[in-house]
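S.K.: The sequence shown begins at 23 in my numbering and counts up one residue at a time.
Where is the CB? At the ideal position from N, CA and C, for every residue including glycine.
If you're wondering where the values come from, they're calculated on a predicted model, not measured in any experiment.
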Amino acid sequence: MTTIVLPPEIEEPLAEEARKQGTTPELLAVDCLRKLFTPAPTIGKPADGETLFDFLSDYVGTVKGTTEALSENCGQRFTQGLIEKQQRGRV
């Protein structure tokens, strides 16, 4: 840990800004220094020629379930479901 002695021309504006932000001068100073000297986290960029699938491959998987293609005939399935609910008196 390092202690830094601030001259009055820095300490006073730092304290005032900390009051405005509702924090302490210490936390404000550490936050400012962190932004200056800590490298920003890198957002993973796809490499040249890498596809979206390659980029997301660690997050893509399968789910155990039906083999039925639920994304097909959605409108007809929805309509049929409404008809069945209506027949049961739930719509």
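Can you tell me where the alpha helix (DSSP H) holding E90 begins and where it ends?
M.R.: Run containing E90: none; DSSP gives neither H nor E here.
S.K.: Using 7 Å as the threshold, is the C-beta distance between A40 and L55 below it?
M.R.: No, they are not a contact pair.
S.K.: Under 8 Å Cβ to Cβ from Y36, same chain only, skipping five residues before and after it: list those, please.
M.R.: The displayed chain sequence assigns Leu, not Tyr, to residue 36. Answer for L36: L28, P47, L50, A51, listed in chain order.
S.K.: By how many angstroms is the C-alpha of V82 removed from the C-alpha of D70?
M.R.: Rounded to the nearest angstrom, the two C-alpha atoms are 20 Å apart.
S.K.: From which residue to which residue does the alpha helix (DSSP H) around G97 run?
M.R.: From DSSP, the alpha helix (DSSP H) with G97 extends over 96-109.
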